[in-house]
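Q: Can you keep this structure in mind? I'll have questions shortly.
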Amino acid sequence: MSTAQVTSPATSTVDRTPKPSFAKGLFLGQTLSDLVMPYPLVAGEERARVDAAVASARDYLSTFDVWKAEEQGWVGDDVIRDLGERKLTGMFVDEQYGGLGLSQSGYCRVMEEFGYVDGTLAVVMGVHQSIGTKPLYLFGTDDQKARWLPDLAAGRKLAAFVLTEPNVGSDAYNLETWAERQADGSWLLNGEKRWIGNGDKDVLTVFARSDVGHVALIVEKGMDGLSTGPRFETLGLRANHLQRVHFKNVRVPAENLLGEPGDGFRIAMNTLNNGRMSMGTAITGGMKRFLELSVEHASTRKQFDRHLIDFEMVEEKLAWMAAQIYGLESTSYLTTGMVDAGVADFSMESAMTKVEASDRGWFALNRAFQIHGGEAYMNRHPLAKALRDFRIFPIFEGSNDVMRAYVALNGLKALSEDLPDVKSIKLSDPGRAFGELAPYVQGRINRTLRPERLRGAHPAFAGSVGRLAGQVSHLRAAAESALRQHGKKIQEKQLVQKRLAEVASGIYSQVAVISRASAVFARDGEPNSAASAAAEKTVAMNYLKKTEREVGRELRGLEVNDDKYVALIGRSVRDKGGYPFQL
Ligand SMILES: Cc1cc2nc3c(=O)[nH]c(=O)nc-3n(C[C@H](O)[C@H](O)[C@H](O)COP(=O)(O)OP(=O)(O)OC[C@H]3O[C@@H](n4cnc5c(N)ncnc54)[C@H](O)[C@@H]3O)c2cc1C
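Per my numbering, numbering through the sequence shown is continuous, rising by one, with the last residue being 943.
See the structure below:
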């Protein structure tokens with residue numbers, strides 16, 4: 361597996377001045393080059409630290425027995441202990457609390473190693489760190505950090521993120537678990553949670569509602585009234601403990617409250633925004649493995665007196681996988697680099713990365729499966745296990761369609777606030793329609809759409825940069841038209857939202873690829889694409905072409921589509937309770 365050439369500047373040198381969101385800028389027709397150029401390539405001291413952590417993870421993971429973990433239904437306390445000794449259970453935790461103190465890019469780079477070896481171990485590590493320890497790391501006071509982080513960083517204790525309930529999945533705002541504030545400042549917690557990774561472990565960040573809004577409370581194993589189980593049996597991730605968690609009058613001390621009363625929902629969402637990035641890189645690692653397994657199989661298996669790899673349709677699948685990995689890797693580490701550079705508003709970028717990773721990872725796995733023929737269908741094959749493990753990624757930590765809607769509505773909201781004539785109309789305001797303003801807008805759209813071109817790209821990408829500017833213009837125009845046409849009802853127009861989100865995501869990933877390749881060419885010189893089919897320029901160009909076509913399709917779909925038929929068929933399917941036609 362190749363070492364990704366990425367990391368970020370050391371935290372101490374980060375400029376913390378608030379920076380705008382690149383993705384929101386796209387909806388406004390802006391290309392905020394300073395946020396994405398130059399690419400956050402590895403440098404100096406941080407590179408050495410990341411490389412050391414990667415080497416340590418690889419060294420340990422070479423001994424990890426995925427099948428033993430699967431059979432015993434848990435990755436193993438010994439594994440957690442060993443990873444803890446290497447501080448790989450506290451990768452982003454500050455050194456003063458016993459962690460490695462890695463940047464977001466560094467942490468995510470190591471998570472790629474976990475994803476390469478085993479989806480389940482990657483999830484267990486992600487639950488403990490990306491979403492379990494993260495709330496404390498981001499929102500804990502010094503006292504709270506000193507109390508819990510050292511054990512968590514060392515793997516002596518494991519953390520859980522406790523949000524989902526039987527009646528509450530994607531709609532996480534409407535929690536039913538209730539926290540009642542007591543006279544002494546403590547909280548009395550009642551409710552039930554389900555599908556909680558590490559739910560039976562040690563330090564649980566529990567999200568609940570209360571009279572003063574949502575709260576995030578640290579609940580510790582052993583507290584009176586806390587019980588777990590029975591454990592869920594799952595399709596994949598069988599070595600991940602997935603638990604029911606019950607709270608019956610659990611008294612949580614005042615000092616276990618994270619943030620302020622009322623901050624709970626914000627803490628949950630910020631944690632997930634942060635956590636989604638490591639899913640992007642863990643899946644990148646998995647995809648690299650799928651590709652390697654496929655190349656190995658296709659190079660050794662013969663049919664029709666030829667190796668499979670010598671058939672064009674097999675080769676095309678391998679090339680597709682390589683290009684998608686390149687795109688995803690570029691996007692994932694651009695997003696983590698932004699976080700390390702102090703960009704505060706990265707929720708759209710992390711959502712786009714998550715969707716891209718989980719969808720592309722699944723499609724790559726499907727191709728790898730196809731190349732392996734029946735062999736991958738055998739239960740003990742690594743791809744069979746990956747198929748079970750990876751299917752959850754488009755669903756958890758923000759289901760992909762919910763993320764698409766989130767991206768589009770955030771972009772549209774930013775745009776609506778930027779339009780002087782409709783500034784006072786908030787998307788959530790009832791009763792006012794943007795549609796009334798349509799005639800004025802048509803002229804305005806034509807006048808304003810001249811976005812700045814992406815600055816700092818290598819000359820090899822001049823054509824792509826030009827076309828990218830066109831895509832950004834088109835996105836802005838399409839977003840504005842959608843706002844004007846549908847008004848407040850845009851919130852219900854999910855097919856429009858989906859297309860806008862896909863366009864923004866496609867533009868973002870092209871920017872990431874141009875940025876990454878430009879930085880690599882500046883560092884190493886431009887590769888001669890004629891000399892090697894695998895040269896970086898070739899794969900970058902190929903990714904850009906493919907994605908440009910996809911963006912074009914989505915943009916056209918905004919104008920010419922079969923949405924009316926979709927709605928009609930959907931209605932009759934709904935009425936009939938299934939397939940409505942008789943032969
Ligand atoms: C293996 C596993 C591990 C998990 N680990 C944890 C954990 O550690 N902690 C935790 O708190 N939770 C955890 N979860 C829960 C997980 O986060 C939820 O499954 C996820 O949030 C989706 O909720 P849901 O499954 O109830 O689906 P629902 O919310 O019921 O949604 C089902 C589907 O409906 C569609 N949908 C829903 N809303 C919309 C919308 N607004 N627009 C369009 N489509 C929509 C989407 O296609 C979605 O996939 C885990 C789940 C699993 C299976």
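Note that beta-carbon positions come from the ideal geometry of N, C-alpha and C, so glycine has one too. Note that the structure is a prediction, hence the values are computed from the model and not measured.
Take Leu-512 as the anchor and find which of Ser-707, Arg-446, Leu-828 and Ser-878 has the nearest alpha-carbon.
A: Working through the sequence shown from its first residue, we reach residue 512 at position 152. With distances taken between Cα atoms, Leu-512 lies closest to Arg-446.
Q: If you drop the 5 nearest sequence neighbours on each side, which residues of the same chain put their C-beta closer than 7 Å to that of Gln-946?
A: An answer regarding residue 946 cannot be provided, because it is not within the stretch 361 to 943 covered by the chain.
Q: For a test of the three-state rule: what should DSSP assign to Trp-434, helix, strand or coil?
A: Start at 1 with the first residue of the sequence shown, and residue 434 comes out as number 74. Trp-434 falls in the coil class under three-state DSSP.
Q: Using a Cβ distance threshold of 8 Å, determine whether the segment 751-769 contacts the segment 858-869, with at least three qualifying pairs required.
A: Taking one beta carbon from each stretch, the segment 751-769 and the segment 858-869 have 3 or more pairs nearer than 8 Å; the two touch.
Q: Ordered along the chain, which non-local residues of its own chain (more than five positions away) have a Cβ less than 7 Å from that of Arg-441?
A: As a first step, residue 441 must be located in the sequence shown, where it is residue number 81. So the qualifying residues of the chain are Gly-515.
Q: Among Phe-723, Ser-692, Gly-721 and Asp-700, which one has its Cα closest to the Cα of Glu-709?
A: Within the sequence shown, numbered from 1, the residue matching residue 709 stands at position 349. Nearest of Phe-723, Ser-692, Gly-721 and Asp-700 to Glu-709, Cα basis: Ser-692.
Q: Measure the alpha-carbon distance for Gln-851 versus Ala-736 and round it to whole angstroms.
A: Here residue 851 refers to the residue found at position 491 of the sequence shown. Here residue 736 refers to the residue found at position 376 of the sequence shown. Taking the straight line joining both Cα atoms gives about 42 Å.
Q: Three or more beta-carbon pairs under 8 Å between the segment 570-587 and the segment 634-654, yes or no?
A: Taking 8 Å as the limit for Cβ pairs, the verdict is that the segment 634-654 does not touch the segment 570-587.
Q: Can you give me the start and stop residues for the alpha helix (DSSP H) that Phe-382 sits inside?
A: Reading the sequence shown from its first residue, position 22 is the one you call residue 382. Element bounds for Phe-382: 382-387.
Q: Classify Arg-649 as buried or exposed, calling it buried when 16 or more other Cβ atoms lie within 10 Å of its own Cβ.
A: Translated into the one-based positions of the sequence shown, residue 649 becomes position 289. By the neighbour-count rule (16 or more Cβ atoms within 10 Å), Arg-649 is buried.
Q: Considering only the alpha carbon of each residue, which of Phe-521, His-732 and Gly-551 lies closest to Asn-527?
A: Along the sequence shown, one-based indexing puts residue 527 at 167. Selected option, being the one with the closest Cα: Gly-551.
Q: Hey, how far is the Cα of Thr-493 from the Cα of Ser-824?
A: The residue labelled residue 493 in the question sits at position 133 within the sequence shown. The residue labelled residue 824 in the question sits at position 464 within the sequence shown. For Thr-493 and Ser-824, the distance between alpha carbons rounds to 41 Å.
Q: At 4 residues or longer, and completely inside the segment 671-705: list those alpha helix (DSSP H) runs for me, N to C.
A: 672-700
Q: Is the segment 602-622 touching the segment 555-567 in the sense that three or more CB pairs, one from each, lie closer than 8 Å?
A: yes
Q: With DSSP run on the structure shown, which of helix, strand or coil describes His-574?
A: Locating residue 574 in the sequence shown gives position 214, counting from the first residue. Reduced to three states, the DSSP call for His-574 is strand.
Q: Nearer than 7 Å: is that true of the beta carbon of Val-911 relative to any heavy atom of ligand 1?
A: Counting from one through the sequence shown, the residue named residue 911 turns up at place 551. False, no ligand heavy atom lies under 7 Å from that Cβ.
Q: Would you say the beta carbon of Val-715 is closer than 7 Å to some non-hydrogen atom of ligand 1?
A: Taking the first residue of the sequence shown as position 1, residue 715 is located at position 355. No, since every heavy atom of ligand 1 falls outside the 7 Å radius drawn around the Cβ of Val-715.
Q: Could you work out which residue in Val-487, Leu-498, Thr-423 and Gly-458 is closest to Val-477 when comparing CA atoms only?
A: Mapped onto the sequence shown, residue 477 falls at position 117. Checking every option, the nearest Cα to that of Val-477 belongs to Thr-423.
Q: For the pair the segment 614-621 and the segment 560-575, tell me if three or more CB-CB distances fall below 8 Å.
A: yes
Q: With DSSP as the reference, please indicate the residues paired to Lys-662 in a beta bridge.
A: For the purposes of this step, residue 662 is taken as the residue at position 302 of the sequence shown. Per DSSP, His-667.
Q: Quick check on the DSSP output: the beta strand (DSSP E) that includes Gln-603 runs from which residue to which?
A: Numbered from 1 along the sequence shown, position 243 holds the residue referred to as residue 603. It spans 602-612 - the beta strand (DSSP E) in which Gln-603 sits, taken as one unbroken run.
Q: For the beta strand (DSSP E) containing Ser-587, name the first residue and the last one.
A: The residue you call residue 587 lines up with position 227 of the sequence shown. Under the DSSP assignment, Ser-587 falls in the beta strand (DSSP E) whose first and last residues are 586-588.
Q: Let me check understanding here. Comparing Cα to Cα, which of Ser-932, Glu-431 and Gly-475 lies closest to Asn-739?
A: Against the sequence shown, residue 739 aligns to sequence position 379. When each option's Cα is compared against that of Asn-739, the closest is Glu-431.
Q: When the Cα atoms are used, what is the spatial distance from Ile-785 to Leu-915?
A: Numbered from its first residue, the sequence shown carries residue 785 at position 425. Numbered from its first residue, the sequence shown carries residue 915 at position 555. Low per-residue confidence applies at Ile-785: pLDDT is 47, beneath 50, and the placement is therefore not dependable, though the value from the model is reported in the following sentence. If I take the Cα positions, the gap works out to 26 Å.
Q: Who pairs with Phe-521 in a beta bridge, going by DSSP?
A: Counting from 1 along the sequence shown, the entry for residue 521 is found at position 161. According to DSSP, Phe-521 bridges with Thr-565.
Q: Please report the distance separating the alpha-carbon of Arg-591 from that of Pro-819.
A: Sequence index remark: in the sequence shown, residue 591 carries index 231 (1-based). Sequence index remark: in the sequence shown, residue 819 carries index 459 (1-based). Pro-819 has its alpha-carbon roughly 56 Å from the corresponding atom of Arg-591.
Q: Is it the case that the CB of Leu-855 approaches a heavy atom of ligand 1 more closely than 7 Å?
A: The residue labelled residue 855 in the question sits at position 495 within the sequence shown. No, the beta carbon of Leu-855 sits no closer than 7 Å to any heavy atom of ligand 1.
Q: Could you tell me the distance, in whole angstroms, from the CA atom of Val-487 to the CA atom of Pro-940?
A: The count along the sequence shown starts at 1 and reaches residue 487 at position 127. The count along the sequence shown starts at 1 and reaches residue 940 at position 580. Looking at the two C-alpha atoms, the distance is approximately 43 Å.
Q: Looking only at its chain, what residues have a beta carbon closer than 7 Å to the beta carbon of Phe-750, apart from the 5 residues adjacent to it on each side?
A: Mapped onto the sequence shown, residue 750 falls at position 390. Here the set comprises Gly-479, Gly-646, Gly-721, Trp-722 and Leu-725.
Q: Grouping DSSP H, G and I as helix and E and B as strand, with all else coil, what is Glu-539?
A: Reading the sequence shown from its first residue, position 179 is the one you call residue 539. In the sequence under discussion, the amino acid at residue 539 is Ala, which differs from the Glu named in the question. Strand at Ala-539.
Q: Cβ of Gly-771 within 8 Å of Cβ of Ala-383?
A: Position 411 of the sequence shown, counting from 1, holds the residue named residue 771. Position 23 of the sequence shown, counting from 1, holds the residue named residue 383. It is a contact, given that the beta carbons lie within the stated cut-off.
Q: With which residues is Ile-752 paired in a DSSP beta bridge?
A: Numbered from 1 along the sequence shown, position 392 holds the residue referred to as residue 752. According to DSSP, Ile-752 bridges with nothing at all.
Q: Tell whether a beta-carbon distance below 8 Å holds between Gln-489 and Met-451.
A: On the sequence shown, residue 489 is found 129 positions in, with the first residue counted as 1. On the sequence shown, residue 451 is found 91 positions in, with the first residue counted as 1. Yes, the Cβ-Cβ distance between Gln-489 and Met-451 is below 8 Å.
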